[in-house]
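J.:
Protein chains: 2
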Amino acid sequence: MDFSELKSVCYGCSIRELCLPEGLTDEEVLLLDQHMLHRVPIRKGEPLYRTGDPFKSLYAVSTGFFKTSILHEDGRTQVTGFQMAGEVLGLDAISTDHHICDAIALEDSAVCEIDFNQFEQLGQLMSNLQHRFNKTLSREIVRDQGIMLLLGSMRAEERLAAFLVNLAKRFSARRQSASQLVLRMTREDIGSYLGIKLETVSRILSRFHDQQLLEVRGRHIRILKPQGLDRLLNSNT
Amino acid sequence: MDFSELKSVCYGCSIRELCLPEGLTDEEVLLLDQHMLHRVPIRKGEPLYRTGDPFKSLYAVSTGFFKTSILHEDGRTQVTGFQMAGEVLGLDAISTDHHICDAIALEDSAVCEIDFNQFEQLGQLMSNLQHRFNKTLSREIVRDQGIMLLLGSMRAEERLAAFLVNLAKRFSARRQSASQLVLRMTREDIGSYLGIKLETVSRILSRFHDQQLLEVRGRHIRILKPQGLDRLLNSNT
DNA sequence: ACCATTCCTTGATCCAGATCAAAGAATGGT
DNA sequence: ACCATTCTTTGATCTGGATCAAGGAATGGT
């Protein structure tokens, strides 16, 4: 292994404040860097891991876009999330030492692989890292519960509005346009994630288009009235 | 504080292998015990904590039964889980230092309160405890994703079957009958949790009753054909 | 033991979103 | 540049579960 090459993976990373190093001091980041990170490229359509694979590492998305999906024994699948730069993949596998979902790259991507054993050891040395990691895990629980709320008590239109608002917010945190979205996933993926059918996704996007809330051109979406989407979200009925 | 009183909270606890001490050695359990646990009783209907309360402690259910629910700003609420002996409450609050859900006792209950700061410090001393806690957090993520699958891709009948099978399994792990269930929650709570209306819960229970899968007498449910419920779960359509 | 309140069941009707169908737009491989 | 395949849109119809309604059963407080 060539240390000089690995050394600055996190340190010079433009998204480190959105990722695992969030809240660490520079020295701590260097320590994290030196001990365990290396980069892995993944081609569009390829799996980073699959259900049942033994768990060895966590992965922080460096560039690109992923989806995770779980499969029920009878063949049904459900998309459980879309991950972009700075977000961590594999947290669910800690519990069983095996991955319980598939992670598929939706565009050519790169991830930072983190050996989990080494990471746990480093957590013992750096209480701050451990503390941050507890928060990361907890944040994932909160995220999942937000989706449960969405799936359990929102109508299709609200779900899609929530989805778009959430995407826009995450793009914006990465200094990309919050109004000009390029969707990396199919209508079917979106539908699966939101618990609705792809035709319904398409119809509602068209409706939003007609209402001048969005401009929809295939996977290119421009949000024209963000407050319109927000209003949809917070107005019961 | 009286140490001799606290000393054996975990040590003598009949459900410790289902709770945070799971997988720890006897000495480790004693250490955990001595440092941070004390018991808190909660009356039926009372909140253990509410949304927005500052986060200070985790709570392990000692005896009794709880529900957690999140509320959307527009007033809608969603039940996110039911917790019984050995299960941990408050994990979602680690991320923000504030509770993001309400936890309500559904019967007279008792919890072990665990100061989270102290717990994190102990985790630094006992790598095994920290490792187990990572698994606990990850297990919660897996649980939530299971519910996402349920809410996103199952029909009402399957959801209810899954709910009953899950409850039975958890009772059975606690050496209570897996066939004779006493529901602690209302039909409305169940419906909220499963993303369906209370009338639908009631109708489907009646239908299961008619099909001889269950015997339903209000909140007393006897599972007559567990395989019948399983079959319902794994048969798509 | 009684009354108030909350919970549960069942029936009748309605509708949001599923399903079925088919044509058009992108995308990728050679 | 072409063809195959996958993705998207839109229309017509159907249906599972929601909603509205009302009577009955538990539960808890006095």
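The listed protein sequences derive, respectively, from chains G and X.
Just so we're on the same page, my numbering is the position in the first sequence counted from 1, plus 38.
Just so we're on the same page, my numbering is the position in the second sequence counted from 1, plus 38.
Glycine included, every Cβ here is placed at the ideal spot set by N, Cα and C.
Rounded to whole angstroms, how far is the Cβ of leucine 144 (chain X) from the Cβ of alanine 199 (chain X), which I believe are closer than 8 Å?
T.: In fact, because the Cβ distance is near 22 Å, the residues do not count as touching under 8 Å.
J.: Is the CB-CB distance between glycine 83 (chain X) and serine 147 (chain X) below 8 Å?
T.: Not a contact, by the Cβ cut-off of 8 Å.
J.: So proline 264 (chain X) is in the alpha helix (DSSP H); what residue range does that whole segment cover?
T.: Looking at the DSSP string, the run of the alpha helix (DSSP H) that includes proline 264 (chain X) is 264–272.
J.: Taking only the alpha-carbon atoms, compute the straight-line gap between glutamine 265 (chain X) and glutamine 218 (chain X) and give it to the nearest angstrom.
T.: For glutamine 265 (chain X) and glutamine 218 (chain X), the distance between alpha carbons rounds to 15 Å.
J.: Does the Cβ-Cβ distance between valine 180 (chain X) and serine 133 (chain G) come in under 8 Å?
T.: Yes; because the gap between Cβ atoms is below 8 Å, this pair is in contact.
J.: Should valine 180 (chain G) be flagged as near chain X, meaning a C-beta pair shorter than 8 Å?
T.: It does; some Cβ of chain X falls within 8 Å.
J.: DSSP on isoleucine 234 (chain G), reduced to helix/strand/coil?
T.: Coil, per DSSP.
J.: Going by beta-carbon coordinates alone, are leucine 129 (chain X) and threonine 106 (chain X) separated by less than 8 Å?
T.: For leucine 129 (chain X) and threonine 106 (chain X), no; Cβs fall outside 8 Å.
J.: So, at 8 Å on beta carbons, what are the nonlocal neighbours of threonine 238 (chain X) in its own chain, with the 5 sequence-adjacent residues on each side left out?
T.: Cβ neighbours of threonine 238 (chain X) beyond the five flanking positions: Ala194, Gly229.
J.: By Cβ distance, which residues of its chain are closer than 6 Å to glycine 61 (chain X), with the 5 residues on each side in sequence left out?
T.: So the qualifying residues of the chain are Arg170.
J.: Residue range of the beta strand (DSSP E) that glycine 119 (chain X) falls in?
T.: First-last of the beta strand (DSSP E) with glycine 119 (chain X): 115–122.
J.: On the DSSP bridge list, what partners appear for arginine 222 (chain G)?
T.: Paired residue(s): none; arginine 222 (chain G) is not in a bridge.
J.: Quick one, are the C-beta atoms of aspartate 135 (chain X) and threonine 89 (chain X) less than 8 Å apart?
T.: Taking 8 Å as the Cβ cut-off, aspartate 135 (chain X) and threonine 89 (chain X) do not qualify as a contacting pair.
J.: In the DSSP assignment, the alpha helix (DSSP H) including threonine 174 (chain G) goes from what residue to what residue?
T.: Note, threonine 174 (chain G): alpha helix (DSSP H), 165–191.
J.: At 7 Å on the CB atoms, spell out the chain X contacts of methionine 186 (chain G), in chain order.
T.: Within chain X, the residues near methionine 186 (chain G) are Gln116, Thr118, Asp182, Ile185, Met186, Leu189.
J.: Please classify aspartate 91 (chain G): does DSSP put it in a helix, a strand, or coil?
T.: Correct three-state label for aspartate 91 (chain G): coil.
J.: Who are the near neighbours of arginine 213 (chain G) in its chain, counting only those whose CB is closer than 7 Å to its CB and skipping five residues on each side?
T.: Counting only Cβ-Cβ distances below 7 Å, and skipping sequence neighbours, we find nothing.
J.: Which first and last residues belong to the beta strand (DSSP E) in which histidine 258 (chain X) is found?
T.: Run containing histidine 258 (chain X): 258–261, per the beta strand (DSSP E) assignment.
J.: Near glutamine 235 (chain G), which residues of its chain fall below 6 Å by C-beta distance, leaving aside the five closest residues on each side in sequence?
T.: According to the sequence shown, residue 235 (chain G) is lysine rather than glutamine. The answer, listed in chain order, is Gly229.
J.: Output needed in chain order: residues of the stretch 84–116 of chain X with a Cβ under 7 Å from some Cβ in chain G.
T.: Here the close residues are Ile108, His110, Glu111, Asp112, Gly113, Arg114, Gln116.
J.: If we count the other Cβ atoms within 10 Å of its Cβ and call it buried at 16 or more, is threonine 63 (chain X) buried or exposed?
T.: Label assigned to threonine 63 (chain X): exposed.
J.: Verify the CB distance criterion: does leucine 75 (chain G) have a CB-CB separation below 8 Å to chain X?
T.: With 8 Å as the cut-off, leucine 75 (chain G) does not count as an interface residue toward chain X.
J.: For a contact defined as C-beta to C-beta under 8 Å, what are the partners of serine 161 (chain X) on chain G?
T.: The displayed chain sequence assigns glycine, not serine, to residue 161 (chain X). Simply Gln168.
J.: Under 9 Å Cβ-Cβ, which residues of chain G neighbour glycine 233 (chain X)?
T.: Met186, Leu189, Gly190, Ser191, Gly233, listed in chain order.
J.: Just the Cα atoms here: how many angstroms apart are aspartate 71 (chain G) and isoleucine 53 (chain G)?
T.: Near 14 Å, if we compare the C-alpha coordinates of isoleucine 53 (chain G) and aspartate 71 (chain G).
J.: Starting from serine 273 (chain G), find everything on chain X with Cβ-Cβ shorter than 9 Å and list it in chain order.
T.: Residues of chain X passing the Cβ test: Asp112.
J.: Three Cβ pairs or more, each shorter than 8 Å: is that satisfied between the stretch 153–167 of chain X and the stretch 183–197 of chain G?
T.: With the cut-off at 8 Å, the stretch 153–167 of chain X and the stretch 183–197 of chain G do not touch.
J.: Might you give, ordered along the chain, the residues of its own chain that have their beta carbon closer than 8 Å to the beta carbon of leucine 202 (chain G), omitting 5 neighbours on each side?
T.: Same-chain partners within the cutoff: Leu219, Leu252, Ile259, Ile261, Leu267.
J.: Does any C-beta atom of chain X lie closer than 8 Å to the C-beta of isoleucine 142 (chain G)?
T.: Closer than 8 Å: no.
J.: Can you check whether the C-beta of isoleucine 138 (chain X) is within less than 8 Å of a C-beta belonging to chain G?
T.: Closer than 8 Å to some Cβ of chain G, the Cβ of isoleucine 138 (chain X) qualifies, so yes.
J.: Beta-carbon separation of aspartate 112 (chain G) and asparagine 272 (chain X) under 8 Å?
T.: It is a contact, given that the beta carbons lie within the stated cut-off.
J.: With a CB to CB cut of under 8 Å and the five nearest residues on each side skipped, what residues in its chain are close to methionine 74 (chain X)?
T.: Answer for methionine 74 (chain X): Ile152, Asp153, Gln156, Phe157, Leu160, listed in chain order.
J.: Let's test the definition: count the other Cβ atoms within 10 Å of the Cβ of glycine 256 (chain X) and tell me whether it reaches 16, buried, or not, exposed.
T.: It is exposed - the Cβ of glycine 256 (chain X) has fewer than 16 other Cβ atoms within 10 Å.
J.: Identify every residue that forms a DSSP beta bridge with arginine 255 (chain X).
T.: X:His258.
J.: Which value, in whole angstroms, describes the spacing of the CA atoms of cysteine 57 (chain G) and isoleucine 185 (chain X)?
T.: C-alpha separation (whole angstroms): 26 Å.
J.: Between which two residues does the beta strand (DSSP E) holding histidine 137 (chain G) run?
T.: Neither: histidine 137 (chain G) is in no beta strand (DSSP E) and is coded neither H nor E.
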